[in-house]
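>
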Amino acid sequence: MAESSNTATTVSLTPEQFERLYLSSSSNKTRDFRAAFGNPTPLYVFAAWTIMDGKAILGLVISLAPLSCDLMGWRGAGVLGAASTGVYYFAGGLLMIVSGLLEFFLGNTFQFILFCGYGSFWLALGATLTPYFGAYEHYSADATNAAAGLSSRNPGFYLVFMAVFSFLACICALRTNLCYTLLEFFVFLFFALLASAFFRIADDGSNAKKVQKAAGAFGFVASIFGWYFFFALTLVSVNFPITLPVVDLSGLGSRSSKSEKSPAVPEDPATNGHHDKETV
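Using full-length UniProt numbering, the first residue of the sequence shown is number 1, and each one after it goes up by one.
#1: Please classify Asp-70: does DSSP put it in a helix, a strand, or coil?
#2: Taking the alpha-carbon of Tyr-180 as reference, which of Pro-155, Val-160, Phe-230 has the nearest alpha-carbon?
#3: Report the residue ranges of all alpha helix (DSSP H) runs contained in full by the segment 195-227; include only those spanning at least 4 residues, in chain order.
#4: Could you tell me whether the Cβ atoms of Leu-60 and Gly-93 are closer together than 8 Å?
#5: As a quick exercise: from Trp-74, Pro-245, Leu-58, pick the residue whose alpha carbon is nearest that of Ile-97.
#6: Under the three-state reduction of DSSP, which class applies to Ile-57: helix, strand or coil?
#7: Report buried or exposed for Ala-65, applying the criterion of at least 16 other Cβ atoms within 10 angstroms of its Cβ.
#8: Using DSSP bridges, identify the partner residues of Gly-177.
#9: Take Phe-245 as the anchor and find which of Thr-176, Ser-223, Thr-128 has the nearest alpha-carbon.
#10: By how many angstroms is the C-alpha of Ala-82 removed from the C-alpha of residue 307?
#11: Smallest Cα separation from Ile-171: which of Leu-159, Thr-234, Phe-185?
#12: Counting Cβ pairs closer than 8 Å, one from the segment 71-81 and one from the segment 222-238, do we hit at least three?
#13: Using 8 Å as the threshold, is the C-beta distance between Ser-182 and Phe-225 below it?
#14: Helix, strand or coil, according to DSSP, for Val-160 in the structure here?
#15: By DSSP, does Ser-63 sit in helix, in strand, or in coil?
#16: For Ser-206, count the other beta carbons within 10 Å of its own beta carbon; 16 or more makes it buried, fewer makes it exposed. Which is it?
#17: Going straight from the alpha carbon of Ser-166 to that of Val-187, what length do you get?
#18: Taking the alpha helix (DSSP H) that Gly-78 belongs to, which residues open and close that run?
#19: Quick one: grab the DSSP three-state call for Tyr-136.
#20: Are the Cβ atoms of Ala-222 and Ala-192 separated by less than 8 Å?
#21: Measure the alpha-carbon distance for Asp-70 versus Val-247 and round it to whole angstroms.
#22: How should Phe-220 be labelled, buried or exposed, when 16 other C-beta atoms within 10 angstroms of its C-beta is the threshold for buried?
#23: In terms of residues, what are the limits of the alpha helix (DSSP H) holding Ser-99?
#24: With a 10 Å radius around its C-beta and 16 neighbouring C-beta atoms as the bar for buried, classify Tyr-132 as buried or exposed.
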């Protein structure tokens with residue numbers, strides 16, 4: 001295994017190759033951890049929404065896709081998919097939180113924030129749908145019908161700020177690749193419309209059902225991008241002869257051209273001569 005140093009000959013990864021595998025800068029320690037334990041990112045998509053690296057993406061779509069189908073009412077499915085509560089806990093929540101923590105140890109801040117952020121959403125959704133926590137029965141005017149509490153405006157506020165979180169993540173994703181950027185964009189629309197649906201239901205809005213179905217449709221589109229991204233990462237992980245394009249955006253707004261023209265900067269003694277250059 002070649003390592004970054006001042007004297008060793010190195011082979012640099014192209015931006016597209018590196019972005020396919022990791023989506024963010026990585027240190028030599030990160031490379032050693034990945035070699036020993038594998039890449040946790042693909043799990044993110046399986047849970048609900050998510051990839052940055054295969055495992056995490058897997059966590060995302062397994063939760064998001066069924067929820068989207070429930071919201072659209074396919075095959076007579078009900079709203080929020082209470083039957084999928086276990087999926088929200090153990091696929092969307094557990095897989096994404098674990099993947100986020102692994103990304104933390106790998107030094108990948110962006111993935112760590114996203115995976116844990118979305119993982120916490122799925123855990124919160126699962127807890128909300130669990131009667132033991134009584135999250136919605138307090139808002140029901142009918143003591144015999146606790147589910148009526150879901151018509152409250154209160155769940156909508158959390159969804160509004162999840163939409164804000166997704167919008168900011170979408171902007172940051174512009175430095176990764178087009179596939180993941182579109183995934184985040186449709187997730188943002190999903191949360192925004194789902195929040196609107198809750199508000200409209202509470203106001204007895206006549207078109208609340210349409211807004212709910214639109215939220216499910218955008219969530220389903222997001223899950224399609226998630227499955228595609230997961231498949232692309234998995235093909236690369238097994239050195240499959242065929243790869244899927246994800247459209248690298250890592251050079252968007254890059255300052256590399258300016259830095260190449262600027263005079264060389266003396267080495268900082270604190271770096272001990274090492275630089276953040278990805279090598280294999």
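Beta carbons: idealized from backbone N, C-alpha and C, even for Gly.
Short version:
#1: It is helical.
#2: The residue among Pro-155, Val-160, Phe-230 with its C-alpha nearest the C-alpha of Tyr-180 is Phe-230.
#3: none
#4: no
#5: For Ile-97, the closest of Trp-74, Pro-245, Leu-58 by C-alpha to C-alpha distance is Leu-58.
#6: strand
#7: By the Cβ neighbour-count rule, Ala-65 is buried, with 16 or more other Cβ atoms within 10 Å of its own.
#8: Looking at the sequence itself, residue 177 is Asn, so the reference to Gly does not match. Looking at the DSSP assignment, Asn-177 forms a beta bridge with Asp-248.
#9: Rather than Phe, the amino acid found at residue 245 in this sequence is Pro. For Pro-245, the closest of Thr-176, Ser-223, Thr-128 by C-alpha to C-alpha distance is Thr-176.
#10: This structure leaves residue 307 out entirely; the chain is present only between 1 and 280.
#11: Phe-185
#12: Contact fails between the segment 71-81 and the segment 222-238, because fewer than three Cβ pairs, one in each stretch, are under 8 Å apart.
#13: The question names Ser, but residue 182 is Leu in the sequence shown. Yes; because the gap between Cβ atoms is below 8 Å, this pair is in contact.
#14: helix
#15: In the three-state DSSP reduction, Ser-63 falls in the helix class (H, G or I).
#16: exposed
#17: 7 Å
#18: Unbroken run through Gly-78: none, as it is neither H nor E.
#19: coil
#20: no
#21: 31 Å
#22: Buried: at least 16 other Cβ atoms inside 10 Å.
#23: 94-106 is the span of the alpha helix (DSSP H), which, as asked, contains Ser-99.
#24: exposed
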